[in-house]
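Participant: After the structure tokens below, expect a handful of questions from me.
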Amino acid sequence: MTQYIPNELPRPLISGYGYTAQSARSVCEFESGSSRVRRSFRRQKKTFSLSWVLTKSELAQFVRWHESVINNGAEAFFIELQTGFGLLQCSCSFIGAYQVSMVSPSLFGLSATVECPDDTLISQQQYEDALLGPLDEFSVGEENLNTIVNTELGN
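Here this note's numbering is used: the first residue of the sequence shown is 2, the next is one more, and so on.
Written out as structure tokens, the structure is:
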């Protein structure tokens, strides 16, 4: 069953937000000669660093959701994340445990690292169609690409 992060929780903070793409290539070193480089996989995973400032009740709701709904982080869930394609619903899973710190007597800081497969890619055919456009029109490929990306991703 698909799980979503509770709507009552705020979006992650911009401060400290970022992601790292996992390398999609594998390098084989040899004793002599040049190295062999190849692609390891098609879907490049991204690791996001997320943090929130939560009230006591929001923190309690997050902890209950984390423990009971996604089995202490063992199951994947959907969350809106800012990527190069805009704000998208991404399927993520926690890497390790989340950390909680007290910001004030009534506010708590929560930080976590999540891993998301890159599901935002359009197909090679869609990319080529967007760049070439209709054969009878001379149009800018970037505009076609933006149209396809936005309609496919629901933006």
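Beta carbons: idealized from backbone N, C-alpha and C, even for Gly.
(1) What is the DSSP secondary structure of GLU59, reduced to helix, strand or coil?
(2) Just the Cα atoms here: how many angstroms apart are ILE71 and VAL115?
(3) Just the C-alpha distance for GLN83 and SER52, rounded to the nearest angstrom, thanks.
(4) Output the boundary residues of the beta strand (DSSP E) element that contains LEU82.
(5) Kindly indicate which three-state DSSP category ARG37 falls into: helix, strand or coil?
(6) For SER102, I'd like the list of residues in its chain whose CB is within less than 6 Å of its CB, leaving aside the five on either flank, ordered along the chain.
(7) Classify ALA113 as buried or exposed, calling it buried when 16 or more other Cβ atoms lie within 10 Å of its own Cβ.
(8) Tell me the rounded alpha-carbon separation between GLY90 and GLU32.
(9) By the three-class DSSP mapping on this structure, what secondary structure does SER105 have?
Facilitator: A quick look at the data gives this:
(1) helix
(2) 13 Å
(3) Distance between the alpha carbons of GLN83 and SER52 is about 13 Å.
(4) 78 to 84
(5) strand
(6) GLY110
(7) buried
(8) As written in the sequence, residue 90 is Gln, which differs from the Gly given in the question. Spanning the two alpha carbons is a distance of roughly 45 Å.
(9) strand
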